[in-house]
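Taking UniProt numbering, the leading residue of the sequence shown gets 14, the next gets one more, and so forth. Working notes for the structure below.
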Amino acid sequence: LRHLLTMEGLSRELILSLLDRAAELAEATSGPEKKLPLLTGRTVVNLFFEASTRTRTTFEVAAKRLSADVINLQIAASSTSKGETLLDTLKTMESMQADMFVVRHESSGAAHFFAEHAAPGVAILNAGDGRHAHPTQGLLDMFTIRAHKAPGRPDFSGLSVAIVGDVLHSRVARSDIHGLRTLGCTDIRVIAPPPLVPVGIEAMGVRVFHELERGLEGVDVVILLRLQKERMLGAFLPSLSEFHADFGLTRERLARLKPDAVIMHPGPINRGVELEGDLAYDERSLILNQVTYGIAVRMAVMAEILGETAGATGAGA
Ligand code: CP
Numbered sequence: 014l015r016h017l018l019t020m021e022g023l024s025r026e027l028i029l030s031l032l033d034r035a036a037e038l039a040e041a042t043s044g045p046e047k048k049l050p051l052l053t054g055r056t057v058v059n060l061f062f063e064a065s066t067r068t069r070t071t072f073e074v075a076a077k078r079l080s081a082d083v084i085n086l087q088i089a090a091s092s093t094s095k096g097e098t099l100l101d102t103l104k105t106m107e108s109m110q111a112d113m114f115v116v117r118h119e120s121s122g123a124a125h126f127f128a129e130h131a132a133p134g135v136a137i138l139n140a141g142d143g144r145h146a147h148p149t150q151g152l153l154d155m156f157t158i159r160a161h162k163a164p165g166r167p168d169f170s171g172l173s174v175a176i177v178g179d180v181l182h183s184r185v186a187r188s189d190i191h192g193l194r195t196l197g198c199t200d201i202r203v204i205a206p207p208p209l210v211p212v213g214i215e216a217m218g219v220r221v222f223h224e225l226e227r228g229l230e231g232v233d234v235v236i237l238l239r240l241q242k243e244r245m246l247g248a249f250l251p252s253l254s255e256f257h258a259d260f261g262l263t264r265e266r267l268a269r270l271k272p273d274a275v276i277m278h279p280g281p282i283n284r285g286v287e288l289e290g291d292l293a294y295d296e297r298s299l300i301l302n303q304v305t306y307g308i309a310v311r312m313a314v315m316a317e318i319l320g321e322t323a324g325a326t327g328a329g330a
């Protein structure tokens, strides 16, 4: 793996090997000494042109746990505000001998642009580009589902997964659907009002529901998505209360799911919109587990890409 730009096209074997490695790295860094020497001397640059709490921070934590040096370029205070282009920003930071860039940008395709122009040996990780892809979120969501709903099973066949909310503007939904399909899930449901469902999404192997209660019937996993107003550009903007009334997860609606179903959300959550406020940290909610798993998954991806294979994980090294 040279760069990680999308979940689309990643093989089942590669996904499973990254998830296995993430589990090993989580175990190896679970004690009081959380650092491994896998990326000593390597430099990782976080370039976040769009806001982030979880992704930027867990990439930084992951890189530091692998002993890499981390630079967080403060975009608002950088020379991009003086008109410096993406390309010149990349080339300038490359000149400081960076080994890897973690890039988030509001434009779909930005990470591909960086990958096309990166110097040989410099890796690009997509931390979310527009509505296109968020591959490490996809991987950590697969890690979460595997850990809680399919431990020890070879694939996700037999699981029903519902993705609820603003699928149209969601890079997470696309990455999750690719991951779920590759791992053998054959019952993937998209539940949203018609204007928030991408035209032709059925071709990705999902069933579309416009009524929440019907769509939730008997599912094992429900993945909630926020209304991504920053990408709506004035097109369809349901009021938050209308959205909650029709598509918000409530205690009453939870009864539609399987009794042992789990609730996921990539965050940030909007309490009282996509879910009833106190469901966020309900015993069925894995929302905070997802954040923690993100560290291990991002460690696995960085270790894989920077080619450090000492003892497979360095665990116990
Ligand atoms: N899930 C996710 O991408 O969250 P952040 O925007 O906080 O990084």
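All C-beta atoms in this analysis are idealised placements derived from N, C-alpha and C, irrespective of residue type, glycine included. Bear in mind that the values here come from a model prediction, so they are computed numbers and not experimental data.
- request: Write down every uninterrupted run of the alpha helix (DSSP H) in the segment 168-223 whose length is 4 residues or greater and which is fully enclosed by it, in chain order.
  value: 184-195
query: Taking Cβ positions, are Ala90 and Leu52 nearer each other than 7 Å?
result: no
- request: Measure how close the beta-carbons of Arg239 and Glu287 come, nearest whole angstrom, since I'm counting them as under 8 Å.
  value: Approximately 6 Å separates the beta-carbon atoms of Arg239 and Glu287; this is inside 8 Å, confirming the contact.
Chain-ordered residues, beta carbon under 7 Å from a heavy atom of the ligand CP: Ala64, Ser65, Thr66, Arg67, Thr68, Arg69, Gly141, His147, Gln150, Val185, Pro279, Gly280, Pro281
Reference Gly122; option with closest CA among Thr19, Asp233, Pro279: Thr19
field: Separation of Asp189 from Gly151, as counted between CA atoms
entry: 5 Å
task: Tell me the start and end of each unbroken beta strand (DSSP E) in the segment 270-302 that is at least 3 residues and wholly inside, in chain order.
output: 275-277
- request: Just list the beta strand (DSSP E) runs in the segment 85-158, keeping only unbroken ones of 3 residues or longer that don't cross its boundaries, in chain order.
  value: 113-118, 136-142
field: Length of the line joining the Cα atoms of Ala328 and Lys242
entry: Reliability of the predicted coordinates at Ala328 is poor, the pLDDT of 36 falling under 50, and no value is obtained from them.
task: Report the option in Ala76, Val219, Ile88 whose CA atom is closest to the CA atom of Val310.
output: Ala76
- request: Look up Asp82 in the DSSP assignment and say whether it is helix, strand or coil.
  value: DSSP places Asp82 in strand when its eight states are reduced to three.
query: Can you tell me where the alpha helix (DSSP H) with Leu51 in it begins and where it stops?
result: First-last for Leu51: undefined, no H or E at that position.
message: One question on the structure: do Ile204 and Leu225 come within less than 7 Å of each other, judged by their Cβ atoms?
response: yes
field: C-beta atoms of Ala124 and Val116 nearer than 7 Å
entry: Yes, the pair counts as a contact, with Cβ atoms nearer than the cut-off.
- request: Determine the direct distance from the alpha carbon of Val135 to that of Ala163, and round the result to whole angstroms.
  value: Taking the straight line from one Cα to the other gives about 35 Å.
Span separating the alpha-carbon of Glu119 from that of His147: 12 Å
query: Under a Cβ-count criterion, where at least 16 other Cβ atoms within 10 Å of its own Cβ denotes burial, should Gly307 be classed as buried or exposed?
result: buried
- prompt: Smallest Cα separation from Asp291: which of Thr68, Asp112, Leu267?
  reply: Leu267
query: So what does DSSP say about Phe256, is it helix, strand or coil?
result: helix
query: Is the CB-CB distance between Leu38 and Met312 below 7 Å?
result: yes
query: Looking only at DSSP bridge pairs, what is Leu17 linked to?
result: Leu138
field: Opposing strand residues paired with Ile236 [DSSP bridges]
entry: Ile176, Met277
query: Just how far apart, CA to CA, sit Thr68 and Phe256?
result: 26 Å
- prompt: At which residues does the alpha helix (DSSP H) containing Ala163 begin and terminate?
  reply: That residue, Ala163, is in no alpha helix (DSSP H); it is neither H nor E in DSSP.
field: First through last residue of the alpha helix (DSSP H) which encompasses Gly22
entry: For Gly22, there is no enclosing alpha helix (DSSP H), as DSSP gives it neither H nor E.
- prompt: Per the contact definition of three or more C-beta pairs closer than 8 Å, is the segment 215-224 in contact with the segment 41-56?
  reply: no
- prompt: For the candidate residues Gly231, Gly44, Met155, whose alpha-carbon lies nearest to that of Arg78?
  reply: Gly44
message: Taking its Cβ as the centre, do 16 or more other Cβ atoms sit within 10 Å of Ile202, making it buried, or is it exposed?
response: Per the sequence presented here, residue 202 reads as Arg, with Ile not at that position. Buried, by the Cβ-count rule.
message: In the DSSP output, which residue or residues are listed as bridge partners for Val57?
response: Val83, Met113
- prompt: With burial defined as no fewer than 16 other Cβ atoms inside 10 Å of the residue's Cβ, what is the status of Asp273: buried or exposed?
  reply: So Asp273 ends up on the exposed side.
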